[in-house]
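Below: the structure, in structure tokens.
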Ligand SMILES: [Zn+2]
């Protein structure tokens, strides 16, 4: 993808080391007579990404030093990785949702938190080695993710004042607890972060409780709560963090729901065939080729769907020798889980 201008919006893709490929940063160019230069999301903290961002801004006659406000859709490495360096260079303010700090803590966990994570994943069937493998990427993340404090914590329904281009903050947790999308009412445009992506379904990452037995957020259910919140907004163009600008977010959300239904039915089949199983066993059958390489994403997907099936009364869970086993009660009917998929 290339640097591209859409009216006052400038899209600057920068490279990431992740499977998702480039991340799009967006710049809201200043109105005539104003020096307010707003950047949405930063790219990862590498020299390569820094140079790409600088070159993109140069094309419009600006540089990183001119940024006055950095907005974060969320705190993942590709969105916030360069935040502290951008602030050092430009002295800009940084605004993001108030839950940003909890995601930073999950990237750079304390020893106590690691113990909780180990205990939780053991209950889902993980061995100690599997835990280490699932999280070995963290050693690397520390190199390209330099978090920093926010100047302002955003809340749902806040308005970011930008001359002639105010943005409404819509809190859309699910992919992560601090995800927000920004909506520009007059021009009916939306910056969707990783909440709405045209080419891939956003992964709803597993959220760990404070203690091994604590309540865990059901992130996939939470995600669809957020999607339903965004659904009624009038949006002509959506600017996602990965992939090209697109239209019709309603159609996209319907598509997500259909693919989630298919996965729920697949899990029901796995449980029907094999009897009660651990989340790890479900994941091994659901993703036979990649489960070992992508343990963290796989267990996030599996738990998201099992939570949903449990909440809707299709499965039960019981603990056997310290490991949770799920059993099928009833096979979900297509179209029943998401009653809103009607058009
Ligand atoms: Zn993300």
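Residue numbers (this note's numbering): 227 to 569.
Heads up, the beta-carbon is just placed ideally off N, CA and C, and yes, glycines get one too.
Those residues that bring their Cβ nearer than 5 Å to a heavy atom of ligand 1 are 302 and 420.
Counting only unbroken stretches of 3 or more residues, the beta strand (DSSP E) elements lying wholly within the segment 365-424 are 378-380, 393-397, 406-410 and 415-419, in sequence order. Ranked by how close their Cα comes to the Cα of residue 418, the residues 334, 251 and 275 have 251 in first place. Between residue 286 and residue 255, the beta carbon gap of about 6 Å places them in contact (Cβ cut-off 8 Å). Secondary structure of residue 337 (DSSP, three-state): helix. Between the alpha carbons of residue 343 and residue 353 lies a gap of roughly 12 Å. Residue 479: member of the alpha helix (DSSP H) spanning 475-500, first to last residue. The three-state reading of DSSP puts residue 331 in helix, counting H, G and I together. Take the alpha-carbon of residue 455 and the one of residue 398: they are about 8 Å apart. Here residue 545 has 349 and 551 as same chain residues with Cβ atoms under 8 Å from its own Cβ, once five neighbours each way along the sequence are excluded. Membership of residue 293 in any beta strand (DSSP E) is not indicated, and neither H nor E is assigned to it by DSSP.
Between residue 453 and the set 537, 442, 465 and 478, the nearest pair of CA atoms involves 478.
Three or more Cβ pairs closer than 8 Å define a contact, and the segment 265-279 meets that threshold against the segment 306-322. The alpha-carbon separation between residue 554 and residue 443 amounts to approximately 22 Å. Inter-segment contact for the segment 515-533 and the segment 434-448 is present: three or more beta-carbon pairs are separated by less than 8 Å. Here residue 564 is not near residue 459, since their CB atoms are 9 Å or more apart.
Take the alpha-carbon of residue 471 and the one of residue 371: they are about 26 Å apart. Taking the Cα positions, residue 515 is about 13 Å away from residue 507. For residue 527, the enclosing alpha helix (DSSP H) begins and ends at 521-537. Per DSSP, residue 234 has no beta bridge partner at all. The segment 402-412 makes contact with the segment 287-302; the number of CB pairs closer than 8 Å reaches 3 or more.
DSSP places residue 446 outside any beta strand (DSSP E); the residue lies instead in the alpha helix (DSSP H), whose first and last residues are 445-456. Residue environment for residue 317: exposed (fewer than 16 other C-beta atoms within 10 angstroms of its C-beta). The criterion of a C-beta distance shorter than 9 Å is not satisfied by residue 468 and residue 381. Pairing residue 512 with residue 489 gives a Cβ-Cβ distance under 9 Å. When rounded, the separation of the alpha-carbon atoms in residue 539 and residue 557 is 10 Å.
The beta carbon of residue 315 sits closer than 6 Å to the beta carbons of 290 and 291 from its chain, once the five residues preceding and following it are set aside; these are given in chain order.
One thing to note: residue 295 has its Cβ no nearer than 9 Å to the Cβ of residue 238.
When DSSP states are grouped into helix, strand and coil, residue 269 belongs to the coil group. In this structure, the alpha-carbon of residue 229 lies about 17 Å from that of residue 263.
DSSP places residue 459 in the coil class of the three-state scheme, outside both helix and strand. For residue 312, the enclosing alpha helix (DSSP H) stretches over residues 309-316.
Considering only 270, 283 and 227, the residue with the shortest C-alpha distance to residue 234 is 283. Ranked by Cα distance from residue 394, the first of 401, 400, 409 and 388 is 409.
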